[in-house]
Structures are given as structure tokens and as C-alpha cells.
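Chains as they are written, first to last, in my numbering: chain A, 64 to 448; chain B, 29 to 131; chain C, 2 to 293.
Glycine is no exception: its CB is placed at the ideal position from the N, C-alpha and C atoms.
As the structure is a prediction and not an experimental result, all values here were calculated from the model.
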Amino acid sequence: MKADPRGVLTGIHFIDGDHACCEGALAAGARFAAGYPITPSTEVVERFASRVPTVGGSFIQMEDELAASITLQGGVWGGAKAFTVTSGPGFSLMMEHIGYAAMTETPCVFVDVQRGGPSTGLPTLPAQADMMQARWGSHGDYEIIALCPNSPQECFDLTIKAFNLAEEFRVPVMFMMDEVVGHMTEKVVIPSADEIEVTPRKHTRKSVEDYLAYGTNGDMVPEMAHAGEGYKFHITGLTHDERGYPNMTPQTQDKLVKRLQNKVRAAADRICLFEEDRLEGADVVVVSYGITSRVAQRAIDLARDRGLRVGKLRLITAWPFPDKKIAELASQIKAFVVPELNLGQMVREVERAAAGLAKTIAVPHAGGGVHNPDEILNAIVEASR
Amino acid sequence: MIVLLGLGDQVAKGRVSIVVERCKACGFCVEFCPTHVLALSSAFNSKGYHPPHVVHPEKCSGCDLCGMYCPDFAIYGTKAAEARIAESKTDEAKPAKPAGGTQ
Amino acid sequence: MNVLDETVNPVEPFLRTDRMPHIWCPGCGIGTTVNSFARALIESKVDLDSLALVSGIGCTGRVAGYVKLDSFHTTHGRAIPFATGLKLANPKLNVVVYSGDGDLSAIGGNHLIHAARRNIDLKVICVNNLIYAMTGGQTAPTTPGHATTSTNPYGTFEPAFNLPHLLDASGAVYVARWTTFHVRQLSRSISEAFQKKGFSFIEVISPCPTLYQRRNKMGDGLDTMKYYKEKSKIKHGAPTSEVGLTLNGEIIVGKFVDRDRPDYQSMMRAQYVESLGDRYVEEPAECACSDC
């Protein structure tokens, strides 16, 4: 369905990534957010607090991230599209509730504007060191989807995508920004509402008698109901059966957890978005995401000027990881070069998926700034030998 | 699943209904019945608990304190008038299950 | 004349009967509180379709799974923020939080005081069995001094929270305490809470015969109920600073706080109307579904 025009600030803007993300959320139909301040993410909800009273909906600043991360889920079950924003230390606090969202299949978006870590780290400086945490941060087996914008424009466009994926698959979606993308100001074009495609909540049409909170019609994603509609359903974080009732047996566990995994993995081809350029005939492919992809572009251009055959694969979806694409490339190229603002996270995935068919060269960075393009260029040159 | 263990006669103002299989023999109903209608029986339910039984049906007022105290939702009292309305809805009298029997 | 009984236990329509019998121990008082709750719902004529019940983790947390309502069994300590989200997204909901003393006042303590401060319109029923029961009987912030628990095997030595005092100080508009002996008074308090807008907190002292009572040689559930009957003193309006509990001591019960102040959503609305006037849009234009 089309976006609700009341939330769409159509026009050409000059805003930073944080602000663009907020506009994306509003355009996607988010009408509830619960937040807690943390640099460099706070502007997202500050803008939401300022905008939402004239759009419809509400914002509440909670007493901590533990509260924010579950209050937004109460908002979802009350009928709204909802999200929260945070950075490293808050992301860590939110982990239990990310798991709760995964287990209860609560569609929602968690925005992490990554900064230097670990711990308090570098509150005002970038990093990309929460990528593995986004995937594995909560306990137990579950799947999430993670998106990595590399510009304020993408902060707008991909936030809408994040909400749409959350509703389609009933998962928490991790929106992995970084401090530079969040605080860089660029042109952001917001189209008119009828040009924006928005995925509605998968609300049940079944009668009260027939509805099962976690009944699946073979498509792995159950239909939802909201509190207050008379369905009198039960939701729990305990391992549960199709009725939503706790059923703590290995059989129920197997069935439930595998479905939670498969509902995303089976659609991985459709979910995985990446930007590719001149992969055909490349010797080296640079795999990057977020702000690093823009620095990497410079390095790729310099390498191509030297006559090197360098392809580019920019991850827009980091999770699920595009295993197939990497495996396919690995059989055709010499090496992957993977620059990241961390000491080696997504590079491990590249290496795993490449299965030894191509070399994988990491270009790590402890965070606090962006790479010098020469660091990446040197790695490309090395890899091309 | 309801076993009727005591039907008041013309004098009793109420009667008790007991869901034997839910009872865990905590003794609240026996203790807090204001007119001491109940006692724990020597029968067993399938979990091995002694459910209560009615020893003084004529004293039951239908106050439902037993029902309010019961943590297992295994007993409740109703006023006889309600019971008579319920009776009039049945087409014919059905035989009661044996007292103290399991379901 | 014997007939098959066609009367129904008043609590029965509120139960997920396909999940009976429940897991609570013999002599545990949680089920007793549910009876009072059910009768309060009947008495107050609350619309069950717009009632949501949220619980945390623990023995009392299991209430959510046994009541036939829109019910949410959330994470430990976080029932109140979840309930806040429900209420803000759908202000027409009547939201009850039903959870235990450890869940609400230890891990959930921060959320408890902030929700009371904000006067979020929630009805909180706190079943206080003075222990962490589900996990095997550890010390809770409400465990009276010198009690024996699994994490204080030589006796506790910490002062316990006086929950009515804490909630009074935090700004709750309705604060009451009963025990599981006071079934009718508890029901009445819950009904009164449903008539109020704002943060209501009702503490119910309840036995945990398997752990708290057994480890402290206090008998079983019935012995504890008799103790409640004997040692409770009803003191409506008592200063909350004076209602702390001690091991085997007197239990002051009653309605301690009943005051009025605007609830969170009224204050939010008033502020936005004042600042934004006509520009304020209160309800979302449409909910998340494409058709409602």
C-alpha cells in the first residue's frame, strides 16, 4: 500500500543521516517510538519527538534502553509501527528484548548508529564494530535482518525498507548506521507519498474462534492480531506452540526455532540487497558497507586508474549474509578485499562463504575515523598480484 | 467434569460444586467456610490429593467463600435459587456421579 | 434429587481452561488473587475485549498464561514498560500489570518508580510472597530481615522494601495492601483501581509454602493464611512509612493512598494542545494495518 501522506515530508532536503532516518520511519508509517538518549543517535528521536505530535502518534523517552526496547514492542502489539534508536552501549542493553522480539515475532526496527567501542569507547566517532552483535547479540538461535545505509538518502530510503521487511517477516530489523553516515549532511529527496510503497501489518482476517496466535498457513509467517480486538490471544517469550501457549519440550522447540530461522533464510535471495559494479572479469572484489563503502569507492577508482580489474560489492543487507553471491564470485576471482571500521567482523563471513576458493584480505580499522583510501588501495594492489 | 457432591435439601440456601481433578488439598476451603460445610475426604484424585467433600450440606449458604479462596479454581458455591434455575433447564434428571469418584 | 451441575464457577470464563490444572504449588496464594481479580472484573463491568494483561517472569508472571484475555508474558522486570507501550499506542485499552515482588521491585524497580512518577494509567497487582519463588527461593528486596533463603542460608540481613511507601513516594494515585486472606477486600480494591485513572498499585501478601514458608519453618499455605488472619490489622489511610513488614510480625493492610492527579496521557495532551493548538494530531491517522 502507499505511504500515509501525513508522515511524508515530500521535498528536497539538506539533512543529516539521523534526521533522514527519522523521516524514513515516519514515511514508513511509524507512529510510535520509545527512546533513550545516546550519542550519536539521539537526533533521530529528537526529530521524531518534534514531528510526531503533528503527524499523529506519540513518542516517549524512557528511563533506560532496557525499557525503550520493550516499550516499543508494547506499542507494536497495541497496533502501531514502532522503533527505537541507540548506539553501542544501548544496543548491548537492548539485546534481551531483541531476542524477545525475535521469539514473539514482533515486527519492529532497532536503529544502531555505531560508534567506537567497546564500552563507552568513542561516543562521537564512527565504527562498524557492532555487526556481529547485530546478528548474534541475543542468546539462543534466531534470525534478524540488518541493513547498512551509506548516505543520508539511504538513511531515508532504507529505513522504509527496514520497516517493510520487519512487517513482511515479523522480525526485529537492525538498521546499522554509523556515526559518519548519521552526522553527514547531504541532499535527501523525499518523494510524494504515492511513490512510496509501504508494507502493512500482516493482520489476521480469521474469526476469534479460528485464530491461532502462531498458526502458519504453510508460509512460515503467522498472522498478527492486536490487543483490544477481542482475540484474547497469549504471547510469551517461553517456547510456545501454535496457540502461543508455553510448551517446553524439545519437539516444540525444534519446530519453533527452526521456523524462526527458516522464515528468513528461505527468503534470503529476496532479502539480500547489494550494489555491484564491474564484477564481470574482476580479479579482486572489494566488499564493503556503510561509510567505508564510500572511502572504498575512492580506492577502487584509483586502482582502476592503474589498470587493475577491481569489482565492487557493496552490502546493503548485511544479514542475512549473501553467501551465494560470495561463493559464486569466489570461484571467479583471485581475492576479496574487505575494509571495515572494526578489527574483522563481516570479513569472517566473506571468508566463510568463499570457502577457500579465493583469498580474503581484511583491511581492519580500530574505529574513530574512516580509512585512508590508500590503505584500501594497497590491499587491492597486494591482492591483485 | 464437575462432580456434584452435595445438593442442599429444601432448607439449605446454597450448594457446593467441586472440580476434583484440579484440587491440591491446600485446605483453604475447609478452613474458611463460615459454616464448616466441608472436610478433606479420604478419597484421592489422580494426582494423589485428597479433595474436600461436603459433610454438612444443610449448612451451605452459597456464599462462595470457598470459591474465592480456592487457589486451584477447584470449588465454588452457588445460591440455591440459581441452582434451581439451572435445574429447570435440564430436560430430565441425570444420575450424579459417585461421591469421591475420579473423573 | 441429584442433577448434573449446570452452574459455573464465576472465575471460569476468565480462565484458559485448556491449561488447567495450573503449575502453582498446593497452598500457593496466586490462584486466590486471580479469583479476586476475576470478581473485580465482573463487578466493575470492565470490557474484556479492551483489557490487556501484562506480566513479567516468576510464579506470578504465569498469571498471564492462565487468563483468557489479551495477555503478554514479557521479560523479567519489564512488564511495566511493555504495558506503557500498549497503552500509548492504544489509549482505549485498560492495561493491568500482574507480576511478583521480585519482578516488579528488583529488576523492574526502575520502571516501577518511573511509571508511578509519570502516573501512567496502569493497574498494577503485585503478588508479594517475600521471595524469588520460581527460581527456588532466593532473597528478594521484600524478604524480611533474618529470614532464611537459598542465597542467604544463614539468614538475611538486608532491610526490606516497604512497597506501599515506595509507591506512595513515587507518586502512585492508589496504593493498597491486602493478603490472600482478604479475598473480598482485595477484589474491592481492584475494582476501585479500575475506577481511577493513573498508576494504581495493589500489593497482595501471599504464601510461598514450598520455599519461603518451608525454609522458615512457618508451616504450609493454610498455616500462613491463618497467620494472615490473625496478624493482619486493617488501617485505611495509615502513613505508608509505618507499614513495613517484619518476620512473623504484624501486617498492616488497607487502602493507604487514594488521591487524584492527572495521568500521563492527560498531561501529554494538555501540553501539546497548549504548545501546538490546532496543529496537534492526537490519534495516528491509521493503524499499521491496511484495513481495520
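Same chain only: Cβ atoms within 7 angstroms of residue i, ignoring 5 sequence neighbours per side
i	result
C/Lys-236	Ile-253, Gly-255
A/Gly-151	Gln-177, Arg-178, Gly-180, Gly-184, Asp-193
A/Glu-249	Ser-214, Pro-215, Gln-216
C/Phe-83	Val-55, Phe-73, Thr-75
C/Thr-144	Leu-131, Ile-132, Thr-150, Thr-157, Ala-161
A/Met-311	Leu-301, Thr-302
A/Pro-254	Thr-73
Closest residue to residue i among the options (Cα-Cα distance)
i	options	result
A/Glu-55	A/Asn-280, A/Glu-292, A/Lys-326, A/Asp-193	The structure shown does not extend to residue 55 of chain A, since chain A is modelled only from 64 to 448, so the question has no answer here.
A/Asn-213	A/Ile-207, A/Thr-222, A/Glu-206	A/Thr-222
C/Lys-198	C/Thr-34, C/Pro-240, C/Pro-208, C/Ser-267	C/Ser-267
C/Thr-294	C/Gly-137, C/Phe-162, C/Pro-160	Here chain C has residues from 2 to 293 only, and residue 294 of chain C is not among them.
A/Gly-430	A/Asp-175, A/Gly-203, A/Ala-190, A/Met-240	A/Ala-190
A/Asp-364	A/Ala-329, A/Pro-235, A/Asn-441	A/Asn-441
C/Lys-88	C/Asp-264, C/Tyr-133, C/Asn-10, C/Ala-177	C/Asp-264
C/Glu-284	A/Pro-116, A/Phe-77, A/Ile-101, A/Arg-415	A/Pro-116
C/Leu-223	C/Phe-202, C/Thr-181, C/Leu-168	C/Thr-181
C/Trp-25	B/Thr-106, B/Asp-100, B/Ala-108	B/Asp-100
C/Ala-41	C/Pro-22, C/Met-21, C/Val-12	C/Val-12
C/Leu-132	C/Asp-104, C/Gly-110, C/His-23, C/Ile-121	It should be pointed out that residue 132 of chain C corresponds to Ile in this sequence rather than to Leu. It is C/Asp-104.
A/Ala-93	A/Phe-122, A/Glu-343, A/Gly-74, A/Thr-102	A/Phe-122
C/Cys-60	C/Ser-207, C/Ser-276, C/Met-269, C/Thr-247	C/Ser-207
A/Leu-129	C/Asn-111, C/Asp-71, C/Thr-34, C/Gly-32	C/Asn-111
A/Lys-388	A/Pro-103, A/Val-261, A/Glu-414, A/Ser-201	A/Glu-414
C/Tyr-155	C/Val-9, C/Arg-216, C/Gln-272	C/Arg-216
C/Thr-18	C/Arg-119, C/Gly-78, C/Leu-70, C/Phe-257	C/Leu-70
A/Asp-241	A/Val-71, A/Lys-224, A/Ser-356	A/Ser-356
A/Asp-282	A/Arg-233, A/Tyr-294, A/Phe-238, A/Pro-100	A/Arg-233
A/Phe-399	A/His-428, A/Ala-359, A/Glu-159, A/Thr-380	A/Ala-359
B/Lys-107	C/Val-97, C/Leu-277, C/Asn-10, C/Val-68	C/Asn-10
8 angstroms Cβ shell around residue i - same chain, five flanking residues per side excluded
i	result
C/Asn-95	Val-47, Asp-48, Ser-51, Leu-52, Ala-53, Lys-124, Phe-195
B/Arg-50	Asp-100, Phe-101, Ala-102
A/Phe-296	Tyr-274, Ala-276, Ala-288, Gly-307
C/Thr-33	Thr-181, Val-184, Ser-207
Own chain residues within Cβ distance below 6 angstroms of residue i, not counting five before or after
i	result
C/Trp-179	Gln-186, Leu-187, Val-205, Val-254
A/Asp-81	Glu-106, Val-107, Gly-245
C/Ser-56	Gly-62, Val-64, Ala-65, His-74, Ala-80, Tyr-99, Ser-100
A/Lys-265	Glu-286, Met-287
C/Asn-153	Thr-140
A/Val-139	Ala-145, Thr-169, Cys-171
A/Gln-316	Thr-302
Supposed contact pair residue j and residue i - C-beta distance, whole angstroms, cut 8 angstroms
i	j	result
B/Ser-45	B/Tyr-97	B/Ser-45 to B/Tyr-97, Cβ: 15 angstroms. No contact.
C/Asn-129	C/Thr-241	About 15 angstroms separates the two Cβ atoms, so there is no contact after all.
A/Ala-393	A/Ala-418	7 angstroms
B/Pro-80	B/Val-58	6 angstroms
A/Gly-353	A/Leu-188	A/Gly-353 to A/Leu-188, Cβ: 14 angstroms. No contact.
A/Phe-154	A/Asp-175	5 angstroms
C/Val-244	A/Gly-119	That pair is no contact at about 44 angstroms.
C/Ile-203	C/Ile-121	So it is not a contact: roughly 15 angstroms between Cβ atoms.
A/Pro-263	A/Cys-335	Not really, about 23 angstroms apart at Cβ, beyond 8 angstroms.
A/Asp-346	A/Arg-372	5 angstroms
A/Thr-149	A/Ser-104	6 angstroms
B/Phe-56	C/Met-226	6 angstroms
Burial state of residue i (16 or more Cβ within 10 Å)
i	result
C/Asp-279	exposed
A/Val-244	buried
A/Val-271	exposed
A/Thr-299	buried
A/Val-252	exposed
B/Tyr-77	buried
A/Ser-77	For clarity, residue 77 of chain A is Phe in the given sequence; the question names Ser instead. Exposed, since its Cβ has fewer than 16 Cβ neighbours within 10 Å.
A/Glu-258	exposed
A/Asp-79	buried
C/Met-2	At C/Met-2, the pLDDT of 33 sits below 50, so the modelled position is not reliable; the number obtained from the coordinates is stated separately. Exposed is the call here.
B/Gln-131	Because the pLDDT of B/Gln-131 is 34, which lies under 50, any placement of that residue in the model is unreliable, and the question is left without a value.
B/Gly-36	Its pLDDT being 46, under 50, B/Gly-36 is placed unreliably by the model, and the measurement read from it follows with that caveat. The residue is buried, with at least 16 neighbouring Cβ atoms inside 10 Å.
A/Leu-376	buried
A/Lys-224	buried
C/Lys-93	exposed
C/Thr-211	buried
Discussion item. For the stretch 157-166 of chain A against the stretch 394-404 of chain A, do three or more pairs of beta-carbon atoms, one drawn from each stretch, fall closer than 8 angstroms, so that the two count as touching?
Written reply: As far as the Cβ criterion goes, the stretch 157-166 of chain A does not touch the stretch 394-404 of chain A, which means the pair count is below three.
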